[in-house]
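As structure tokens, the structure follows; a few thoughts come after it.
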Amino acid sequence: LDKPNDVAEWAAKYVMKKIKDFNAGPEKYFTLGLPTGGTPLGMYKKLAEYCKNGKISFKYVKKYNMDDYVGLPPDHVQSYHYYMFHNFFKHIDIDPKNVHILDGNATDLEKECDDYEEKIKEAGGIRLFIGGIGPDGHIAFNEPGSSLVSRTRVKTLAHETLEANCRFFDNDITKVPTQALTVGVQTVLDADDVLILITGSSKALALHHCIEEGVNHMWTASAFQQHKHTIMICDEDATQELK
Ligand code: F6R
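Each residue of the sequence shown is one higher than the last, beginning at 1048 in our numbering.
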């Protein structure tokens, strides 16, 4: 598509159609996996608008977030709890009991990750997982080198990630959380449908590696070449490096 706004609109309409076609109700919840970051903000805005106009309801949608930092209070502006409530959940008709976000403050982090996988399983798996990729081809916090069959787990972040995230923490690297909880590549691969949003020239090289080269754990989003139904929806700038 042409611009990031077109990607946002296309994605929001796709999500709306998937939820509607599913005919969700009290006996049958739609399960939706969600990312944070800059890329999906436009989509969340559009979905909130559609919800406000009565075009879509999220009452029977269970939401599962991809990741969160370890040790940040949930009301910290950089926590993904805060991001999701502030940018999306408070603008739609959700029941808070249907929101699932990994708790980076849990006393037993490994148990928190295992329970998260269990919760997804109990809900019948994820119908649609939406994601974004980093300039290094990561999806969620599955950084280069992550196993392509990984599941939800604690990840120690690479120094480059801490440097990249520094800007969100007063440019002070000592304030950046060094660990995160994240779904694994396989957790996302298990979803029936995957929609990956990619905008901007900073993602162009990653898109090339992820779709025009072989499946490779150094570009973790390349794993989706082997998924039964993944759509990568891109703007023009993100496609600059494609052959
Ligand atoms: C989001 C996530 C990441 C981001 C990726 C792109 O929960 O886990 O994979 O989608 O880092 O981030 P933005 O959209 O900010 O470029």
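Built from N, CA and C at the ideal position, the CB exists for glycine as well. All of these numbers come straight from a predicted model, not from anything done at the bench.
Open item on the list: Tell me the rounded alpha-carbon separation between Tyr1127 and Thr1083.
Closed with: 7 Å
- [ ] Please classify Thr1221: does DSSP put it in a helix, a strand, or coil?
- [x] helix
TODO: Note down the Cα distance separating Lys1137 from Lys1075, rounded to an integer number of angstroms.
DONE: 23 Å
Task: Among Leu1228, Glu1169, Ala1205, the one whose alpha carbon lies nearest that of Ile1220 - done: Ala1205
- [ ] Starting from Thr1203, follow the beta strand (DSSP E) in both directions and report where the run begins and ends.
- [x] 1200 to 1203
TODO: In angstroms with no decimal places, state the Cα-to-Cα distance between Ala1170 and Leu1228.
DONE: Going from the Cα of Ala1170 to the Cα of Leu1228 covers about 20 Å.
Task: For Tyr1116, the first and last residue of its enclosing beta strand (DSSP E) - done: 1114 to 1116
Open item on the list: My assumption, with CB atoms under 8 Å, is that Leu1236 sits in contact with His1274. Please give the rounded CB distance.
Closed with: 5 Å
- [ ] Enumerate in chain order the residues of its own chain whose CB-to-CB distance from Asp1114 is below 7 Å, with the five nearest sequence positions on each side excluded.
- [x] Tyr1127, Leu1149, Ala1187, Phe1188, Ala1227, Leu1228, Thr1229, Val1230
- [ ] Would you mind reading off the limits of the alpha helix (DSSP H) that contains Leu1209?
- [x] 1206 to 1212
Open item on the list: Is the beta carbon of Tyr1107 closer than 8 Å to that of Gly1080?
Closed with: no
Task: Counted within 10 angstroms of its Cβ, other Cβ atoms place Phe1135 as buried (16 or more) or exposed - done: buried
TODO: Can you have a look at His1133 and say buried or exposed, based on whether 16 or more other CB atoms are within 10 angstroms of its CB?
DONE: exposed
Task: Runs of beta strand (DSSP E) wholly within the segment 1133 to 1191 (minimum 3 residues, chain order) - done: The segment 1133 to 1191 contains, as complete beta strand (DSSP E) runs of 3+ residues, the segments 1175 to 1179 (chain order).
Open item on the list: Counting only beta-carbon separations shorter than 8 Å, does His1147 have a partner in chain D?
Closed with: No chain D appears in the structure shown, which is made up of a single protein chain.
Open item on the list: Considering only the alpha carbon of each residue, which of Lys1099, Glu1288, Val1117 lies closest to Asp1140?
Closed with: Lys1099
Task: Contact belief for Asp1239 with Arg1174 at Cβ below 8 Å, rounded distance in angstroms - done: So it is a contact: roughly 5 Å between Cβ atoms.
- [ ] Please list, in chain order, all residues of the same chain as Asn1212 whose beta carbon is under 6 Å from its beta carbon, the five residues on each side excluded.
- [x] Val1223
Task: Residue from Ala1268, Cys1281, Gln1287 whose Cα sits closest to the Cα of Ser1194 - done: The candidate whose alpha carbon is nearest that of Ser1194 is Ala1268.
- [ ] Could you pull out every residue in the same chain whose Cβ sits closer than 8 Å to the Cβ of Cys1016, ignoring the five residues on either side in sequence?
- [x] It is not possible to answer for residue 1016, since the shown part of the chain is limited to 1048 through 1290.
Open item on the list: With a threshold of 7 Å (Cβ to nearest heavy atom), would His1256 be considered close to ligand 1?
Closed with: no
Task: Cutoff 6 Å; reference Tyr1091; Cβ partners in own chain excluding five residues on either side - done: Once the five neighbours on either side are set aside, the close Cβ partners of Tyr1091 are Asn1134, Phe1135.
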